[in-house]
Amino acid sequence: MKILIAEDDPQLGDALQSGLRLQGFQVNWVRDGFAALHELRQSDYAIVVLDISMPRISGLEVLQQMRSEKNSAPVLVLTAHDANHEIATALDAGADDYVVKPVDLSVLAARLRALTRRAQGAAAQSVISAGSVSLNSVTREVSVDEQSVNLSSREFDLLQALLMANGRVLTRDHLEQQLYSWGQEVDSNAIEVHVHNLRKKLGKDVIQTIRGIGYQIKHNVQS
Numbered sequence: 000m001k002i003l004i005a006e007d008d009p010q011l012g013d014a015l016q017s018g019l020r021l022q023g024f025q026v027n028w029v030r031d032g033f034a035a036l037h038e039l040r041q042s043d044y045a046i047v048v049l050d051i052s053m054p055r056i057s058g059l060e061v062l063q064q065m066r067s068e069k070n071s072a073p074v075l076v077l078t079a080h081d082a083n084h085e086i087a088t089a090l091d092a093g094a095d096d097y098v099v100k101p102v103d104l105s106v107l108a109a110r111l112r113a114l115t116r117r118a119q120g121a122a123a124q125s126v127i128s129a130g131s132v133s134l135n136s137v138t139r140e141v142s143v144d145e146q147s148v149n150l151s152s153r154e155f156d157l158l159q160a161l162l163m164a165n166g167r168v169l170t171r172d173h174l175e176q177q178l179y180s181w182g183q184e185v186d187s188n189a190i191e192v193h194v195h196n197l198r199k200k201l202g203k204d205v206i207q208t209i210r211g212i213g214y215q216i217k218h219n220v221q222s
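If you use numbering that gives the first Met the number 0, the sequence shown corresponds to residues 0 to 222, in order.
Right, dumping it as structure tokens:
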């Protein structure tokens, strides 16, 4: 299990990295928020451990940026203060659990394992299938006939919207609203290009064009 630790205290960071590795975790450790965001954009992590009080960018800001970028990895925050408002703020921002310093390594490891079990359970319940195509909304993985397929972020979001429509036809305007922010400039053929790319990757018959209306996936959707 690959874990990212973002902790600016060198003594604590080194202790957490060494201790969790002994417990069987694969650990990367960074010392500030900028490094944490860079690492999260470069690699996938099963869990992220964030110190709330870090230089340059706080743990809370890292967490908020993660969620705005649709990174759904479970996050456990470390706080030096047993302050209810700080804990509540972190949980409201998308944290999944917290530990108050000083950290008991055995408790931290147990909480990380619990977060992993919870995430795996959520992932199992978040698979949508239609015909040979399966999509996991938590891990953002897609497969065809159990073979993994690499999609861009917008291709994934478009496929997810069509699958969740459960056979209904979605108009181009509706799909643009799902894929793009309000006020964002969108090429007139953007949806058509994404559909074309999806057909090349998933099979030409997966997405149906309803002329003059929009697109649909006809197969019965299972979740």
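We put the CB at the ideal spot given by N, CA and C, even for glycine.
>> Run through the DSSP bridge pairs and tell me what V76 is partnered with.
In response: For this step, residue 76 is matched to residue 77 along the sequence shown. Note: V76 sits in a beta bridge opposite L49, Y97.
> Whole-angstrom Cβ separation of L59 and A89, contact assumed at under 8 Å?
Replying inline: For the purposes of this step, residue 59 is taken as residue 60 along the sequence shown, with counting starting at 1. For the purposes of this step, residue 89 is taken as residue 90 along the sequence shown, with counting starting at 1. A Cβ-Cβ separation of about 6 Å places L59 in contact with A89 under the 8 Å criterion.
>> Give me the DSSP bridge partner(s) of Y214.
In response: Reading the sequence shown from its first residue, position 215 is the one you call residue 214. For Y214, DSSP records a beta bridge to L169, T208.
>> My output table needs one value for Q146: the three-state DSSP class, helix, strand or coil.
In response: If you number the sequence shown from 1, residue 146 lands on position 147. Residue state, collapsed to three classes: strand.
> Out of D186, K200, V132, which has the shortest C-alpha to C-alpha gap to N149?
Replying inline: Counting from 1 along the sequence shown, the entry for residue 149 is found at position 150. Among D186, K200, V132, the Cα nearest to that of N149 is on K200.
> Tell me which same chain residues have a C-beta within less than 6 Å of the C-beta of V29, skipping the five on either side of it?
Replying inline: Taking the first residue of the sequence shown as 1, we reach residue 29 at position 30. Closer than 6 Å at the Cβ level, and outside the excluded window around V29, lie A5, A35, E38.
> Can you find a heavy atom of the ligand ATP that lies under 7 Å from the Cβ of L39?
Replying inline: With respect to the ligand ATP, the structure offers nothing, as it holds no ligand at all.
> Which residues mark the beginning and the end of the alpha helix (DSSP H) in which G25 is found?
Replying inline: Counted from its first residue, the sequence shown places residue 25 at position 26. Note that residue 25 is Gln in the sequence shown here, rather than Gly. No alpha helix (DSSP H) contains Q25, which is instead part of the beta strand (DSSP E) from 25–29.
> Given a threshold of 16 other Cβ atoms within 10 Å of its Cβ, counted over all protein chains shown, does L21 qualify as buried or as exposed?
Replying inline: Sequence index remark: in the sequence shown, residue 21 carries index 22 (1-based). That one is exposed.
> Between the Cα of D43 and the Cα atoms of Q63, K69, D31, which residue gives the shortest distance?
Replying inline: Residue numbering aside, residue 43 sits at position 44 when the sequence shown is read from its first letter. Between D43 and the set Q63, K69, D31, the nearest pair of CA atoms involves K69.
> Which of the three DSSP states, helix, strand or coil, is assigned to V132?
Replying inline: Residue mapping note: residue 132 aligns to position 133 of the sequence shown, counting from 1. In the three-state reduction of the DSSP assignment, V132 falls in the strand class.
> Apart from the five residues just before and just after E154, which ones in its own chain have a Cβ nearer than 7 Å to its Cβ?
Replying inline: Locating residue 154 in the sequence shown gives position 155, where the first residue counts as 1. Non-local beta-carbon contacts of E154 in its own chain, meaning distances under 7 Å to residues more than five positions away in sequence, involve H193, N196, L197 in chain order.
>> Does the contact criterion of 3 or more C-beta pairs under 8 Å hold for the region 103–112 versus the region 168–181?
In response: Pairwise C-beta distances place the region 103–112 out of contact with the region 168–181, as fewer than three of them are shorter than 8 Å.
>> Once DSSP output is grouped into helix, strand and coil, what is the label at E140?
In response: By one-based count along the sequence shown, residue 140 stands at place 141. If DSSP states are grouped into helix, strand and coil, E140 belongs with the strands.
> On the premise that R66 lies in contact with A92, defined as a C-beta separation below 8 Å, what is that separation, rounded to the nearest angstrom?
Replying inline: Locating residue 92 in the sequence shown gives position 93, counting from the first residue. Locating residue 66 in the sequence shown gives position 67, counting from the first residue. Indeed they touch by this definition, with Cβ atoms about 7 Å apart.
> DSSP beta-bridge partners for L3?
Replying inline: Sequence index remark: in the sequence shown, residue 3 carries index 4 (1-based). Within the DSSP bridge table, the entry for L3 names N27, V47 as partners.
> DSSP state of I56, grouped into three classes?
Replying inline: Counting from 1 along the sequence shown, the entry for residue 56 is found at position 57. In the three-state reduction of the DSSP assignment, I56 falls in the coil class, being assigned neither a helical nor a strand state.
>> Measuring alpha carbon to alpha carbon, tell me which residue in G130, D144, I206, Q64 is nearest R40.
In response: By 1-based counting over the sequence shown, the position of residue 40 is 41. For the residues G130, D144, I206, Q64, the minimum Cα distance to R40 belongs to Q64.
>> Between the alpha carbons of I209 and K217, how many angstroms are there, rounded?
In response: The residue labelled residue 209 in the question sits at position 210 within the sequence shown. The residue labelled residue 217 in the question sits at position 218 within the sequence shown. Spanning the two alpha carbons is a distance of roughly 11 Å.
> V185: buried (16+ other C-beta within 10 angstroms of its C-beta) or exposed?
Replying inline: By one-based count along the sequence shown, residue 185 stands at place 186. So V185 counts as exposed.
> Is A109 buried or exposed, if buried means 16 or more other CB atoms sit within 10 Å of its CB?
Replying inline: If you number the sequence shown from 1, residue 109 lands on position 110. The residue is exposed, with fewer than 16 neighbouring Cβ atoms inside 10 Å.
> Leaving out the 5 sequence neighbours to the left and right, which residues in its chain are closer than 8 Å to L114 when beta-carbon positions are compared?
Replying inline: The sequence position of residue 114 within the sequence shown is 115, counting from 1. Apart from sequence neighbours up to five positions away, the residues of its chain that approach L114 with a beta-carbon distance below 8 Å are I46, P73, L75, D95, D96, ordered along the chain.
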